[in-house]
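Asker:
In the working numbering, the protein residues as written are 46 to 397.
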């Protein structure tokens with residue numbers, strides 16, 4: 046079967062780390078064209094791909110079947126619309142769009158044209174998150190009563206001349222890491238009935254938000270679970286990545302999925318034992334199973350961001366369900382908007 050030719054809209058950190066490696070190792074795809082406005086960095090690792098200088102060259106190429114839009118947040122809506130209007134299937138980096146209205150327009154356009162519109166929520170394939178899913182689905186903690194998801198980073202400086210720090214083209218921690226934490230939580234528990242949030246800028250001379258705490262109130266599939274999401278750029282000593290408490294026990298997991306760090310080191314995801322954690326890195330479970338108290342490390346499921354692109358192939362060529370369709374992920378943007386409203390007004394925001 047003919048390979049799916051992909052055009053990559055940028056070759057910055059996102060293109061180099063999160064997209065090109067997984068596209069290039071999947072035998073069903075061809076990394077066909079890459080936009081680099083002035084440099085030619087991709088030539089060293091992907092010499093078969095053609096370098097072009099602007100996004101329009103991807104849209105105008107009749108051979109490209111899928112365009113990956115991994116450009117600054119504020120461009121997602123315009124570029125996705127251009128690509129869909131040119132009859133291209135589209136993958137959009139998170140956050141999907143800046144507003145719910147923009148997302149609804151793109152979803153309607155894709156449906157009208159019968160095209161794929163996917164959002165790159167790759168952290169559904171994190172090792173820790175997949176392990177948490179397993180623990181919850183198997184009821185290993187009894188009835189779950191509390192769920193905390195925290196992403197800790199320490200970046201006590203403002204990186205100059207970058208759109209993520211100026212806010213001119215998007216940015217801010219809530220749209221950035223918040224998109225991942227919210228998406229994971231909606232996958233587990235469904236949409237909340239309401240949101241209460243505290244969003245702030247804590248770093249000296251900061252412009253964009255670099256801290257958030259978001260509470261899901263009465264999530265659809267587990268209204269009794271107390272859900273807290275948190276991230277900060279001023280956490281030198283990390284809190285647990287996940288903390289779960291139930292009527293029978295608890296699970297606590299430190300550390301983040303290893304894939305991003307490996308990719309930043311230049312490793313490719315087709316190496317043996319990709320995404321696996323050592324026993325030392327596993328989370329701790331303290332619970333009761335069949336009347337016996339258990340207090341030990343719980344094996345982590347291996348992470349694999351390649352699962353995202355494998356599902357894209359299976360959807361386009363085999364007709365299998367699309368796991369990351371924009372229609373469902375639009376709820377992430379709704380929640381982010383509600384979180385900002387909660388911060389501005391200092392109150393709980395009900396979601397319609």
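All residues carry an ideal CB built from backbone N, CA and C; glycine is no exception. Given the structure is predicted, the values throughout are model-derived calculations rather than measurements.
Are residue 97 and residue 128 close, meaning C-beta to C-beta below 8 angstroms?
Answerer: As a first step, residue 97 is located in the chain shown; it is residue number 52 there, counting from the start. As a first step, residue 128 is located in the chain shown; it is residue number 83 there, counting from the start. Cβ atoms of residue 97 and residue 128: not closer than 8 angstroms.
Asker: Taking the CB atoms as reference points, tell me whether residue 31 and residue 163 lie closer together than 8 angstroms.
Answerer: This structure leaves residue 31 out entirely; the chain is present only between 46 and 397.
Asker: Helix, strand or coil for residue 261 per DSSP?
Answerer: Start at 1 with the first residue of the chain shown, and residue 261 comes out as number 216. Here residue 261 sits in strand by DSSP.
Asker: Could you please give the first and the last residue of the uninterrupted beta strand (DSSP E) stretch that includes residue 351?
Answerer: Within the chain shown, residue 351 is the residue found at index 306, counting from 1. Looking at the DSSP string, residue 351 is not in any beta strand (DSSP E); the run it does join, the alpha helix (DSSP H), is 351-363.
Asker: Cα separation between residue 342 and residue 297?
Answerer: As a position in the chain shown, residue 342 is number 297, starting the count at 1. As a position in the chain shown, residue 297 is number 252, starting the count at 1. Rounded to the nearest angstrom, the two C-alpha atoms are 10 angstroms apart.
Asker: Can you check which of these residues, 281, 133, 51, is closest to residue 157 by C-alpha distance?
Answerer: Stepping through the chain shown from its first residue, residue 157 is reached at position 112. Ranking 281, 133, 51 by Cα distance to residue 157 puts 133 first.
Asker: Quick check on the DSSP output: the alpha helix (DSSP H) that includes residue 230 runs from which residue to which?
Answerer: As a first step, residue 230 is located in the chain shown; it is residue number 185 there, counting from the start. 218-234 is the span of the alpha helix (DSSP H), which, as asked, contains residue 230.
Asker: Could you work out which residue in 124, 144, 303, 232 is closest to residue 378 when comparing CA atoms only?
Answerer: Along the chain shown, read from residue 1 onward, the residue named residue 378 stands at position 333. Looking at the Cα atoms, 144 is the closest of the given residues.
Asker: Which residue wins for smallest C-alpha separation from residue 263, given the options 396, 315, 375?
Answerer: Mapped onto the chain shown, residue 263 falls at position 218. Residue 263 has its Cα closest to that of 396, out of 396, 315, 375.
Asker: What three-state label does DSSP hand residue 253 in the structure shown?
Answerer: In the chain shown, residue 253 corresponds to position 208, counting from 1. Residue state, collapsed to three classes: coil.
Asker: Return the chain-ordered ranges of every alpha helix (DSSP H) run that is complete within the segment 170-210 and spans a minimum of 4 residues.
Answerer: 172-182
Asker: Suppose you measure from the CA of residue 391 to the CA of residue 152; what does that come to, to the nearest Å?
Answerer: If you number the chain shown from 1, residue 391 lands on position 346. If you number the chain shown from 1, residue 152 lands on position 107. Computed Cα separation, rounded: 32 angstroms.
Asker: Check for me: the alpha helix (DSSP H) holding residue 123 runs from which residue to which?
Answerer: In the chain shown, residue 123 corresponds to position 78, counting from 1. If you look at residue 123, you'll find it in the alpha helix (DSSP H) that goes 121-130.
Asker: For residue 172 versus residue 345, is the C-beta distance shorter than 8 angstroms?
Answerer: Translated into positions along the chain shown, residue 172 becomes position 127. Translated into positions along the chain shown, residue 345 becomes position 300. A contact, by the Cβ cut-off of 8 angstroms.
Asker: Indicate whether the contact test is met: 3 or more Cβ pairs, each with one atom in the segment 256-276 and one in the segment 185-197, closer than 8 angstroms.
Answerer: yes
Asker: Compute the Euclidean distance between the alpha carbons of residue 243 and residue 94, then round it to the nearest angstrom.
Answerer: Reading the chain shown from its first residue, position 198 is the one you call residue 243. Reading the chain shown from its first residue, position 49 is the one you call residue 94. Each residue's alpha carbon lies about 44 angstroms from the other.
Asker: Which word fits residue 71, buried or exposed, when buried means at least 16 other C-beta atoms lie within 10 angstroms of its C-beta?
Answerer: Taking the first residue of the chain shown as 1, we reach residue 71 at position 26. Counting Cβ neighbours within 10 Å, residue 71 comes out buried, since at least 16 surround it.
Asker: Residue 121: which of 139, 109, 108, 130 sits nearest, CA to CA?
Answerer: Taking the first residue of the chain shown as position 1, residue 121 is located at position 76. Nearest C-alpha to residue 121: 139.
Asker: Looking at the unbroken beta strand (DSSP E) that takes in residue 291, where does it start and where does it end?
Answerer: Residue numbering aside, residue 291 sits at position 246 when the chain shown is read from its first letter. Start and end: 287-291.
Asker: Just to confirm the assignment, what range does the alpha helix (DSSP H) spanning residue 392 have?
Answerer: Residue mapping note: residue 392 aligns to position 347 of the chain shown, counting from 1. Per DSSP, residue 392 is not a residue of any alpha helix (DSSP H), being assigned neither H nor E.
Asker: Rounded to the nearest angstrom, what separates residue 203 and residue 228 at their Cα positions?
Answerer: The residue given as residue 203 occupies position 158 in the chain shown. The residue given as residue 228 occupies position 183 in the chain shown. Approximately 27 angstroms between the Cα atoms of the pair.
Asker: Buried or exposed for residue 161, going by 16 or more other Cβ atoms inside 10 Å?
Answerer: Against the chain shown, residue 161 aligns to sequence position 116. Classification for residue 161: buried.
Asker: Give me the residue from 385, 386, 370, 214 with the minimum Cα distance to residue 148.
Answerer: In the chain shown, the residue the question calls residue 148 occupies position 103. Closest by C-alpha distance to residue 148, out of 385, 386, 370, 214, is 370.
Asker: Between residue 254 and residue 376, what straight-line distance do the alpha-carbon atoms span, to the nearest angstrom?
Answerer: For the purposes of this step, residue 254 is taken as the residue at position 209 of the chain shown. For the purposes of this step, residue 376 is taken as the residue at position 331 of the chain shown. Between residue 254 and residue 376, the C-alpha separation is close to 21 angstroms.
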